[in-house]
């Protein structure tokens, strides 16, 4: 596994992102889910299996991952533009894309907008809107206010911490992330909590509300 870093610019701000490559052969792009705790490392076990026959590329989404994240209004246009950049500059014309969670929506949208830009598409637990609108059976007027609150300098970090503390993260993982809740314990739990504490992590954490 070879790890590297790429720099992407959006609205005049640069974003440093990690990506990993492995193997040789036709390219397979692996896209993790867009949520508080996933990173490209979620794809490592699958990436290692595929690398015996394919050149695999896994990449973090902007606003997510394990690096500092700038304060940007992450929205559908940003993620669509980022995926277009990846498919133009990092993994052009891949044999296949494997996309998890919300990433599946963006991969599908790209396939519709640019037919033939990649071969096969594999969707892993695809979703099209965030958990809060799903639990509330649709969008509610207070969602936009909640987004603005999380963006505030003092109140925002406090609200964010309430949503990503150890107890809540384990509860969410048991409810709709891991088939075996025991997987999120020990070192794995510490790694996930570290992801939620990266500088600027709160700005993208509420983007499912903005997106869907």
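Numbering (my numbering), first residue to last: 1 to 212.
Don't be surprised by glycine CBs; every beta carbon is placed ideally from N, CA and C.
Put simply, the stretch 10-21 touches the stretch 56-76. At least three CB pairs are less than 8 Å apart.
Contiguous alpha helix (DSSP H) elements confined to the stretch 53-95 occur at 76-85, taking only those with 4 or more residues. Looking at the DSSP output, residue 17 shares a beta bridge with 6.
Counting only residues of its own chain and dropping the five nearest sequence neighbours on each side, residue 110 has a CB closer than 6 Å to the CB of 83. The Cβ atoms of residue 38 and residue 45 lie no closer than 8 Å to each other. Rounded to the nearest angstrom, the gap between the Cα atoms of residue 48 and residue 184 is 21 Å.
Using a Cβ-Cβ distance cut-off of 8 Å, the stretch 119-128 and the stretch 80-100 are in contact, since at least three pairs of beta carbons, one from each stretch, lie closer than that value.
With a cutoff of 8 Å on beta-carbon distance, residue 128 and residue 81 are scored as not near each other.
Annotation: residue 197 is outside any alpha helix (DSSP H) and is labelled neither H nor E by DSSP.
DSSP places residue 184 in the coil class of the three-state scheme, outside both helix and strand.
Around the beta carbon of residue 195, 16 or more other beta carbons sit within 10 angstroms, so the residue counts as buried. Residue pairing for residue 22: DSSP places it in a beta bridge opposite 56. The residue among 41, 193, 6, 55 with its C-alpha nearest the C-alpha of residue 170 is 193. For the pair residue 53 and residue 2, the Cα-to-Cα distance works out to about 16 Å.
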